[in-house]
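This report refers to the structure that appears directly beneath it.
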Amino acid sequence: MTQLRKGVILALVTAVISGVAVFINKFGVSFWETSTLYTAGKNILAAVFLTTVMLTFVSWQQLKEITKQQWIKLGIIGVIGGSIPFVLFFKSLTLLPVSQAAFIHKTLFVWVAVLAIVFLKEKLTAFQWVGMAILLAGVVMLGGPIGWSWGAGMWLALIATLLWSVENIIAKVVLKDVPALVVGWARMAFGSVLLIAYLVTQAQAVLLVPNSWPQFGWIVITGLVLFGYVATWYTALKHAPATVVSTVLVLAFPITVTLNKIWAGKFSSALIIPLAIIVAGVVLYLESHKTVWKKILKVI
């Protein structure tokens, strides 16, 4: 299996996880007093899972080889990837419908593409530009900003998305020499430390301990989901260009919207066209990697 093919397949897995995660987090956050407490709780649990897996599969020698500059970058990833944007995004989920927050988050591929072209010198083919345009059109048709009233919730989701975009670029650089599990662990572990520190300043750290079975259950479920997301996402990013994996991740948006519509009893055939357009956009984007795409289709 080629590195690129592995990256694309893992990005597809990440998209499924992300699509489900955004949908279920709307329910999970409702059982906690604040979105920050909920965010910190599930992030800490994800960090614990990642610590266990990292210590199992990453040798001490590999950890010793990480340079001071790389540790600094890992710390930055923890700040702009594992703490601040989580607080902002999950606060937005308390202010916005799931579909609106998911739409803003799924514009990630646009911001990552711009940053990757400028800072990583990644290049896009004509097929990829057209694919991105079709993809964006499908996303807008499925749940775009038409008729929205722009408010605090949208700003929070947008700022979180921009921070995650920058994080992806820094992570791509670090992943050249650092194992994906270490980068994922740094994101969640360092981020969790900052979240705990913030809660301590607010005299809310004691509230991190679940006081009901629903709280405990949702933290375990969403913590495991977040663990899966981080593990697959960073591994995908290590093996494929940032523009490729972020574009494939957009497939999470139709998953979230579909689940949300089914839950609300509002799913209709009108959704099929934008869903098909989004899939077509991703397929066309990957057309420049024909061999990889054909092999993936054979696996599916």
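Going by our numbering, 364 is the number at position 209 of the sequence shown; the sequence numbering is gapless. Positions of the beta carbon are idealized from the N, C-alpha and C atoms, including for glycine. As the structure is a prediction and not an experimental result, all values here were calculated from the model.
Exercise. DSSP on Q357, reduced to helix/strand/coil?
Worked result: If DSSP states are grouped into helix, strand and coil, Q357 belongs with coil.
Exercise. Does the beta-carbon distance from T169 to A391 come in below 7 Å?
Worked result: For the pair T169 and A391, the CB atoms are nearer than the 7 Å cut-off.
For this session: Could you give the DSSP three-state label for S238: helix, strand or coil?
Result: coil
Problem set entry | Residue range of the alpha helix (DSSP H) that includes E322 | Run containing E322: A307 to V329, per the alpha helix (DSSP H) assignment.
Exercise. Taking the alpha helix (DSSP H) that V412 falls in, what are its first and last residues?
Worked result: A407 to A419
Exercise. Is the number of C-beta pairs between the stretch 213-227 and the stretch 392-411 that are closer than 8 Å three or more?
Worked result: no
For this session: Take every Cβ of the stretch 183-201, pair it with every Cβ of the stretch 231-248, and state whether three or more of those distances are shorter than 8 Å.
Result: Yes, they touch.
Problem set entry | F241 versus A281 - alpha carbon distance | Cα to Cα, F241 sits roughly 34 Å from A281.
Exercise. Smallest Cα separation from G233: which of L330, G372, G378 and R342?
Worked result: R342
Exercise. Does the stretch 383-400 touch the stretch 261-274, meaning 3 or more C-beta pairs lie closer than 8 Å?
Worked result: yes
Exercise. Regarding V267 and the ligand NAP, is the C-beta to nearest heavy atom distance less than 6 Å?
Worked result: The ligand NAP is absent from the structure shown, which contains no ligands of any kind.
For this session: Just mark S423 as buried or exposed, buried being the case when its beta carbon has 16 or more other beta carbons within 10 Å.
Result: exposed
Exercise. Sorted by chain position, which residues of the same chain lie with C-beta nearer than 6 Å to G230's C-beta, five sequence neighbours on each side aside?
Worked result: F345
For this session: Pick helix, strand or coil for G395, following the three-state DSSP scheme.
Result: A small correction: the amino acid at residue 395 is Ala; Gly does not occupy that position in the sequence shown. If DSSP states are grouped into helix, strand and coil, A395 belongs with coil.
For this session: Please determine if the stretch 196-210 and the stretch 307-327 are in contact, where contact requires at least 3 C-beta pairs separated by less than 8 Å.
Result: no
For this session: Have a look at I374 and I179 and give me their C-alpha separation to the nearest angstrom.
Result: 11 Å
Exercise. Hey, is the stretch 360-379 in contact with the stretch 293-308, meaning 3+ C-beta pairs nearer than 8 Å?
Worked result: no
Exercise. When you compare each of F382, L430, V400 and K416 to T206 by their alpha carbons, which one comes out closest?
Worked result: F382
Exercise. Do you know whose CA, among G298, L290, T377 and W340, lies nearest F186's CA?
Worked result: T377
Exercise. Expressed to the nearest angstrom, what Euclidean distance is found between the alpha-carbon atoms of L297 and R160?
Worked result: 28 Å
For this session: Could you name the residues of the same chain whose beta carbon sits closer than 6 Å to that of F264, not counting the 5 residues immediately before and after it, in chain order?
Result: Correct list, in chain order: S401, T402 and V405.
Exercise. When we look at the beta-carbon of F212 and count the other beta-carbons within 10 Å, is it buried (16 or more) or exposed?
Worked result: exposed
For this session: Measure the Cβ-Cβ separation of K261 and F408 and say whether it is below 7 Å.
Result: yes
Problem set entry | Exposure of A210, with buried meaning 16 or more beta-carbon neighbours within 10 Å | A quick correction: the sequence has Leu, not Ala, at residue 210. So L210 ends up on the exposed side.
Exercise. Do G174 and I432 have their CB atoms nearer than 7 Å?
Worked result: One thing to note: G174 has its Cβ no nearer than 7 Å to the Cβ of I432.
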